[in-house]
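Chains as they are written, first to last, in the working numbering: chain A, 269 to 379; chain B, 368 to 481.
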């Protein structure tokens, strides 16, 4: 079983739709969580950190459920420019604090 | 501010050749990471350095791969001899405090081994 698992997608949605990505992690010692965005043939870029209380940044909402070892990202009112691959990232300090990346979920927003 | 700078951006070479990838981290960052990304395996951490010292190289696939960081502003990743299965995008990333700060990635080197 992979340490960080995501639905690979692709998710094909129309503009304006709400889309949710899920991510599960296997290491219960994981302590920091992030969502990265990667555009085609580009480097990953930090989208947002994920906090225990949940956090929101504009149209993006991230949630963490430690009991279920589950992280989510919700995108509201999706734009064409949201088309990208979204990577779930976990830091497990009992593994030397390495960032563990999920395989990514591909999102395609259509007009 | 300059970000993480990698060179070359693209490399195409024949199998058996030595390949050297280069990285200049963001000034002041004390952690440097090398990643490899393929369609099959996603993004994998190969090795990382703290204050120029290799800390964890457990992700390095085999002895053909080696990495060095002779000073705080430069690192290399070498593959010798190269094989077609080494074809991938290689990213370098740096950060100031690894456990707290998310990493800043370079543009990557797209490596094709023929």
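No residue lacks a Cβ here, since even glycine has one placed at the ideal position from N, Cα and C.
Proximity test, Cβ basis, 8 Å: residue i and chain A
i	result
residue 469 of chain B	yes
residue 397 of chain B	no
residue 458 of chain B	yes
residue 423 of chain B	yes
residue 453 of chain B	no
residue 472 of chain B	yes
residue 412 of chain B	yes
residue 383 of chain B	no
Per DSSP, the bridge partner or partners of residue i
i	result
residue 406 of chain B	DSSP lists no partner for residue 406 of chain B.
residue 439 of chain B	In the DSSP output, where bridge partners are listed per residue, residue 439 of chain B has none listed.
residue 390 of chain B	B:373, B:442
residue 471 of chain B	B:461
residue 477 of chain B	B:377, B:456
residue 295 of chain A	Its beta-bridge partners do not exist; DSSP assigns none.
Close Cβ partners of residue i (< 8 Å) along its chain, the five nearest in sequence each way excluded
i	result
residue 385 of chain B	445, 446, 447, 448, 449
Contact with chain B by residue i, beta-carbon distance below 8 Å
i	result
residue 311 of chain A	yes
residue 314 of chain A	yes
residue 366 of chain A	yes
residue 371 of chain A	yes
residue 302 of chain A	yes
Nonlocal neighbours in the same chain, by C-beta distance under 7 Å from residue i, ignoring five residues either side
i	result
residue 472 of chain B	371, 458, 460
residue 404 of chain B	410, 455, 456, 458
residue 345 of chain A	284, 327
Span of the beta strand (DSSP E) around residue i
i	result
residue 423 of chain B	420-423
residue 310 of chain A	Looking at the DSSP string, residue 310 of chain A is not in any beta strand (DSSP E), and its letter there is neither H nor E.
residue 431 of chain B	It is not in any beta strand (DSSP E) - residue 431 of chain B carries neither H nor E in the DSSP assignment.
residue 283 of chain A	Taken as a continuous stretch (DSSP letters only), residue 283 of chain A belongs to no beta strand (DSSP E), as it is neither H nor E.
residue 381 of chain A	With chain A represented from 269 up to 379, any question about residue 381 of chain A goes unanswered, as that position is not in the structure.
residue 325 of chain A	323-325
residue 274 of chain A	272-274
Contacting residues, own chain, Cβ-Cβ under 6 Å from residue i (five flanking each side not counted)
i	result
residue 358 of chain A	272, 293, 298, 301, 368
residue 278 of chain A	374, 376
residue 291 of chain A	274, 339, 356, 370
residue 321 of chain A	none
residue 477 of chain B	377, 456
Evaluate contact between the stretch 344-355 of chain A and the stretch 425-440 of chain B, counting only Cβ atoms and requiring at least three cross-stretch pairs below 8 Å.
-> no
May I ask you to verify whether the stretch 369-378 of chain A touches the stretch 430-445 of chain B, counting CB pairs closer than 8 Å and requiring at least 3?
-> no
Check whether the stretch 304-311 of chain A touches the stretch 278-289 of chain A, taking contact to mean three or more Cβ pairs, one atom from each stretch, closer than 8 Å.
-> no
Would you be able to state if there are at least three C-beta pairs under 8 Å between the stretch 317-332 of chain A and the stretch 369-377 of chain B?
-> no
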